[in-house]
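Undergrad:
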Amino acid sequence: GDSVTQMEGPVTLSEEACLTINCTYTATGYPSLFWYVQYPGEGLQLLLKATKADDKGSNKGFEATYRKETTSFHLEKGSVQVSDSAVYFCALRRGGATNKLIFGTGTLLAVQP
Amino acid sequence: DVKVTQSSRYLVKRTGEKVFLECVQDMDHENMFWYRQDPGLGLRLIYFSYDVKMKEKGDIPEGYSVSREKKERFSLILESASTNQTSMYLCASSFTRGGRDTQYFGPGTRLTVL
């Protein structure tokens, strides 16, 4: 069945460091791919998404490119801030008429000043 | 702004109690979802609803039931709470598709079953 695998955390970085959080997926067809972020004490919110191969989603300085050949959707940011400290979830939208998502296990990012 | 609210942020219940978790959304979304979030397991879908009075089991429905009597409200029911249901419960809602499929989440309810 469909699944999402993302790198385990925690990831600890200094402010202004580069970030990459790896995400790979297994799915039939052409799923839409998402990154959601969960700040401390809050629910999840959409960070970015891509709906077809080679699409690049971007938001708040974060980017991810839908790579069908490597079935990946890695999250990147060139310079992280303390305020980026959160849990990041990669997800794919399942096929069919409904809007069900499959989530990865989440990666905790801690950015130190 | 889309708003998804959950009835409680923190809840403590005893084993065997019946527990109701309420979720309300104000965006006229067709779909509503209940997830539980556990460390190392990510989010797992318990139930979802694609219309009033319609529901479908997710990946881990055992021990749970749901109710959707009105479009804006989706309730999760633990018929007889057990300690292994101690978790963070997240509600979400969305339109169905057509480029508007973003799921919007509530702040979560942290349930502890003693």
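Here the protein sequences line up with chains A and B, keeping their order. The opening residue of the first sequence carries number 1195 in this note's numbering; numbering runs sequentially from there. The opening residue of the second sequence carries number 3 in this note's numbering; numbering runs sequentially from there. No residue lacks a Cβ here, since even glycine has one placed at the ideal position from N, Cα and C.
Where does Q87 (chain B) fall in DSSP's three states?
TA: helix
Undergrad: Taking only beta carbons into account, state which residues of the stretch 10-38 of chain B come closer than 7 Å to chain A, listed in chain order.
TA: N33
Undergrad: Residues in the same chain with beta-carbon distance under 8 Å from N1293 (chain A), minus the five sequence neighbours each way, listed in chain order, please.
TA: The residues are R1287.
Undergrad: Please identify, using Cβ separations under 8 Å, the residues of the stretch 1255-1274 of chain A that lie next to chain B, in order along the chain.
TA: Residues passing the 8 Å Cβ filter: none.
Undergrad: Report all residues from its chain with a CB closer than 6 Å to the CB of K73 (chain B); omit the five preceding and five following residues, and keep chain order.
TA: Once the five neighbours on either side are set aside, the close Cβ partners of K73 (chain B) are V54.
Undergrad: Suppose you measure from the CA of Y1260 (chain A) to the CA of E32 (chain B); what does that come to, to the nearest Å?
TA: 28 Å
Undergrad: Just curious, the beta strand (DSSP E) that A1244 (chain A) is in, first and last residue?
TA: 1238-1244
Undergrad: Output, in chain order, the set of chain B residues within a Cβ distance shorter than 7 Å of E1236 (chain A).
TA: P109
Undergrad: Which residues in the same chain have their Cβ closer than 6 Å to the Cβ of W1228 (chain A), if we skip the five residues on either side of it in sequence?
TA: The amino acid at residue 1228 (chain A) is misidentified as Trp; the sequence shows Phe. Closer than 6 Å at the Cβ level, and outside the excluded window around F1228 (chain A), lie K1243, A1285.
Undergrad: So K59 (chain B) and R70 (chain B) are in contact, right, with Cβ under 8 Å, and what is the actual spacing, rounded?
TA: At roughly 14 Å, the Cβ-Cβ gap does not stay under 8 Å, so K59 (chain B) and R70 (chain B) are not in contact.
Undergrad: Under 8 Å between the Cβ atoms of A83 (chain B) and V115 (chain B)?
TA: Yes, the pair counts as a contact, with Cβ atoms nearer than the cut-off.
Undergrad: Suppose contacts are defined by Cβ-Cβ distances below 8 Å. Is L47 (chain B) in contact with T1299 (chain A) by that definition?
TA: no
Undergrad: Taking a cut of 9 Å between CB atoms, which residues from the stretch 37-60 of chain B lie near chain A?
TA: Y37, Q39, P41, G42, L43, G44, L45, R46, L47, F50, Y52, E58, G60
Undergrad: Please compile the residues from chain A whose C-beta is within a distance smaller than 8 Å of the C-beta of T114 (chain B).
TA: Those within 8 Å of T114 (chain B) in chain A number zero; the least Cβ separation is about 16 Å.
Undergrad: Residues bridged to V6 (chain B) by DSSP?
TA: Note: V6 (chain B) sits in a beta bridge opposite B:Q27.
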